[in-house]
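Colleague: What follows is a single structure, and I will ask about it in a moment.
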Amino acid sequence: MNLLRKTQCHAGWDWGICLPVMGVYESAFIRGLKVARLDNVETAQVWRGEGCDITVTLNYTPVNSGLVSANFSFADQVKSVPLDMRGSSVSVTFHIDHPKRWWPAGYGDQPLYPLAVELDGQVVEKALGLRELVWHCEPDEAGASMELRVNGVPVSCRGANWIPLDAMPGRQTVARYRQLLEDAASANMNMLRVWGGGMYERDCFYQICDELGLLVWQDLMFSCALYPSNESLLTACGKSFVTRFAA
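Here the numbering used here is used: the first residue of the sequence shown is 779, the next is one more, and so on.
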């Protein structure tokens, strides 16, 4: 199983059965494109005092020649940018003074700001929580501290390990996600660790976590198995990779 790029726990784990499922278990659709394909949307926050800059990046793939604009809206602000068909991404930045801050469960409310991005008839909608999150690390007598601060306030992280909620992906419904995540919030959790032997979680998982004030500690997927590390493979991956692996 560790030679396959597939959810590792599908081959069984101490808590689950061996059920190496396969096939299409998400909704399938065909979408016609005229000029460009909207690949994904990324956001980043930079805090400047009591104001926040929100940079929204749209990644796209040109599929035809023509003129088209990317349209962005965040909160009550709207921007439109013509696309360069020689490029692959475009970014805009919104600024909000004194935004309503998002807080982990138990520390405050979870206001969310609406974001919408439209390109060539394709739309991505998100709800963003604006928060200043940092890991505060400084040397101490034990080595170094590792303190999570949200909006300048130290947070006591309380949570659990999140594994795929069903052995059969087709049974992982939005209703079941919401039920388990609401149970976690009701149990006074404020953080969940997405386990690296599981799966890339669906968008609804993160959206519901945002609504409930649940922070997410995201493991790297494929971090929970013994992958090949023989000399020939590592050499083929490049000398820099060999150095990092050995370290």
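Cβ coordinates follow ideal geometry from the N, Cα and C atoms, glycine included.
These numbers were taken from a predicted model, which means no experiment stands behind them.
Drop a sphere of 10 angstroms on the beta-carbon of Leu1004, count the other beta-carbons inside from all chains shown, and report buried for 16 or more, exposed for fewer.
Modeller: By the neighbour-count rule (16 or more Cβ atoms within 10 Å), Leu1004 is not buried but exposed.
Colleague: Run through the DSSP bridge pairs and tell me what Asp918 is partnered with.
Modeller: Answer is Gly921.
Colleague: Identify every residue that forms a DSSP beta bridge with Ile808.
Modeller: DSSP, once it has assigned bridges, lists no residue as partnering Ile808.
Colleague: From His914 to Leu926, what does the alpha carbon distance come to, in whole angstroms?
Modeller: Taking the straight line joining both Cα atoms gives about 6 Å.
Colleague: I need the DSSP call for Ile795, collapsed to helix, strand or coil.
Modeller: Coil.
Colleague: For Gln985, name the three-state secondary structure that DSSP assigns.
Modeller: Looking at Gln985 - three-state DSSP - the assignment turns out to be helix.
Colleague: Can you look up Ser843 in the DSSP assignment and give me helix, strand or coil?
Modeller: Ser843 falls in the coil class under three-state DSSP.
Colleague: Taking contact to mean at least 3 C-beta pairs separated by less than 8 Å, is the segment 896 to 905 in contact with the segment 804 to 816?
Modeller: Yes: the two stretches touch, three or more of their Cβ pairs being nearer than 8 Å.
Colleague: With DSSP run on the structure shown, which of helix, strand or coil describes Val972?
Modeller: Reduced to three states, the DSSP call for Val972 is strand.
Colleague: Express the C-alpha separation of Ile795 and Asp854 in angstroms, rounding to a whole number.
Modeller: The alpha-carbon atoms of Asp854 and Ile795 are separated by roughly 49 Å.
Colleague: DSSP has Gln950 in a bridge; who is on the other side?
Modeller: Beta-bridge pairing links Gln950 to no other residue.
Colleague: CB-CB under 7 Å to Leu959, same chain, minus the five flanking residues each way: which ones, in chain order?
Modeller: For Leu959, where only same-chain residues beyond five positions count, the Cβ hits under 7 Å are Ile986, Cys987, Leu990 and Leu992.
Colleague: By the 10 Å Cβ neighbour count, where 16 or more other Cβ atoms means buried, how is Asn1008 classified, buried or exposed?
Modeller: Asn1008 should be labelled exposed.
Colleague: Ala822 lies in the beta strand (DSSP E); which residues open and close that run?
Modeller: Where Ala822 is concerned, the enclosing beta strand (DSSP E) stretches over Ala814 to Arg826.
Colleague: In whole angstroms, what separates the C-alpha of Gln950 from that of Tyr984?
Modeller: Those two C-alpha atoms are separated by around 14 Å.
Colleague: For the candidate residues Tyr978, Gly921 and Asp817, whose alpha-carbon lies nearest to that of Pro840?
Modeller: Among Tyr978, Gly921 and Asp817, the Cα nearest to that of Pro840 belongs to Asp817.
Colleague: Please say whether Val799 and Pro892 have beta carbons closer to each other than 9 Å?
Modeller: No, these two residues do not count as a Cβ contact at 9 Å.
Colleague: What residue from Phe852, Phe850, Ala965 and Arg815 has the CA that sits closest to Gly844's CA?
Modeller: It is Arg815 whose Cα lies nearest to the Cα of Gly844.
Colleague: On the criterion of 16 or more Cβ atoms from any shown chain inside 10 Å, does Pro882 qualify as buried, or is it exposed?
Modeller: Under this definition Pro882 is a buried residue.
Colleague: Whole angstroms are fine: how far does the CA of Val824 sit from the CA of Asp831?
Modeller: Looking at the two C-alpha atoms, the distance is approximately 5 Å.
Colleague: Locate the beta strand (DSSP E) running through Val868, then write down its first and last residues.
Modeller: Looking at the DSSP string, the run of the beta strand (DSSP E) that includes Val868 is Ser867 to Asp875.
Colleague: Throw me the rounded Cβ distance for the Gly937 and Met969 pair, which I believe falls under 8 Å.
Modeller: Confirmed, Cβ separation roughly 4 Å.
Colleague: For a quick check, are the C-beta atoms of Phe850 and Ala894 less than 9 Å apart?
Modeller: Yes, the pair counts as a contact, with Cβ atoms nearer than the cut-off.
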